[in-house]
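Using our numbering, you'd call the opening residue of the sequence shown number 6 and step up by one each time. Ideal Cβ placement from N, Cα and C applies to all residues, glycine included.
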Amino acid sequence: MVLIICSINFFELQAIKGSAFRYVQFAFLLLAIVISMPYLFMKGGGFLTPVRLIFISAFISIFIASFTWDQTLIDSLGGTIPVLVWGVLFYLLHIAYPIEKIERIVLGYGLLYLVLYFFQFTHPETGYFVKLETVESSRGIVRIVFPGRGLFYFMSFMAINKLTTGQKNKWLWVVLSALGIIVTVMQVTRQFIGATMVIYAIHFLRGIALYKKVLVAVFIAGAIFVFLQTDNPIVRGLTDTTQEQAEEDGTDNVRYRGAMFFLTDLSKTTFNRIFGNGVPYGETSGYNRYYGWLIGNYGFWLADVGIFAVYAMFGVFAVLGYFLIWIKSFFTKLPDEYQYLKYYLWFLLLTSLSSDTIYSSYDLIATVMIVYIFQVVSTKKPEPTPVLPVVNAY
């Protein structure tokens, strides 16, 4: 699916930065969105209304950024296109795209993610897929936050699900399940490590006897405690970072202050407070220059404040859309083989306060496919039980 590689910006391959590929990518994404729009108001329940709220909010924000911040429509569209990919869900529903094919595609992209990540990890002196200034070793290991993480977590949660539901190629799911933890730890982002471990624990404790849950929980807690007591450089890096941030009072924490600013101070008018401000984007955009000033002077990054950034850019209805998706994920029953859909959405929820996982181009195409499968599986009507003919014995 070409849409995937375009959505994640070719894994941020630095060799094509600023080339004609950027225009091809923009055109392809725009075409996919335009083709999908006629099906935006198709009939159906489930996740359709929440996704419409997010899509329409993002679409309206293009014009809001232009009218209230004097950002050109082209710049506003360029910044918003990654979020408008939500609309592709309606086209997938229209053509009834096979779930099995999506799983195979995600597996392929997930494996590619692993290959490229380890290649970049072993060549940190050259920025093949990341900017060199983002590569750091202050947390005890060469820290490379690799683009395309949504596909990686989609694959990881699918792997633990298939591992315990009797699927073929069990060795593959064992390896991928382990790599889901290993690579997350190697990227040394505390909230991702914590969220991943919570999801893994939920899965492997699910459906077993209480005493077994206690034993497994004690074992996991003990293993974590022993790991934290080792002189491991990763542990030292995580501990130092945690201590540095713990020294800041809650209200002085830069992420807290940033969240409060985007929640209460960014919007100029009541209209902006309801419908958002749009995405700051473009070299000539005064709005984007102002955002750059906020970063340079205060360290206020939209990417650090999660759902508050969604509110600041797209308004209250987009936030409502996300919360409706999460609520439905808790109360909608799924077959055992599709529990990974819930795990992925819960992972987004766990990381939604201090990261950009819910709206980043690195994650959104994976999120769209997850919600698509969730919609199809949860609204699929059970096949009628065949009625056997009555045979007269006489």
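- Judged by pairs of C-beta atoms under 8 Å, the segment 325-339 touches the segment 56-69, as three or more such pairs exist.
- Taking a contact to require three or more Cβ pairs closer than 8 Å, the segment 92-102 and the segment 356-367 do not qualify as touching.
- Looking at 343, 149, 113, 326, the one whose alpha-carbon comes closest to that of residue 354 is 326.
- In summary, residue 148 is buried, with 16 or more beta-carbon neighbours lying within 10 Å of its beta-carbon over all protein chains present.
- The three-state secondary structure of residue 148, taken from DSSP, is strand.
- Between residue 113 and residue 371, the gap from beta carbon to beta carbon reaches 7 Å or more.
- Taking a C-beta distance under 7 Å as the contact criterion, residue 350 and residue 365 do not qualify as a contact pair.
- Around the beta carbon of residue 124, a 10 Å sphere encloses fewer than 16 other beta carbons of the protein chains shown; the residue is thus reported as exposed.
- Three or more Cβ pairs drawn from the segment 280-293 and the segment 65-73 lie within less than 8 Å of each other, which places the two stretches in contact.
- Only residues of its own chain outside the window of five on either side were considered, and among them 324 have a CB closer than 6 Å to the CB of residue 316, listed in chain order.
- Nearest C-alpha to residue 34 among 72, 76, 17, 82: 82.
- In this structure, 348 is the residue among 16, 348, 53, 43 with its C-alpha nearest to the C-alpha of residue 205.
- Contact annotation: the segment 11-24 touches the segment 125-139, with at least three C-beta pairs closer than 8 Å.
- If you check the CB distance, residue 380 and residue 51 come in under 7 Å.
- In the DSSP assignment, residue 128 falls outside any alpha helix (DSSP H) and carries neither an H nor an E.
- In its chain, beyond the 5 residues on either side, 267, 307, 308, 361, 364 have a beta carbon closer than 8 Å to the beta carbon of residue 314.
- If one requires a minimum length of 4 residues, the alpha helix (DSSP H) runs lying completely within the segment 171-195 are 175-191, in chain order.
- Separation of residue 264 and residue 176 (C-alpha to C-alpha, rounded to the nearest whole angstrom) is 43 Å.
- Secondary structure in the segment 333-394: the alpha helix (DSSP H) runs of 4 residues or longer, each lying completely within the stretch, are 344-355, 366-384 in chain order.
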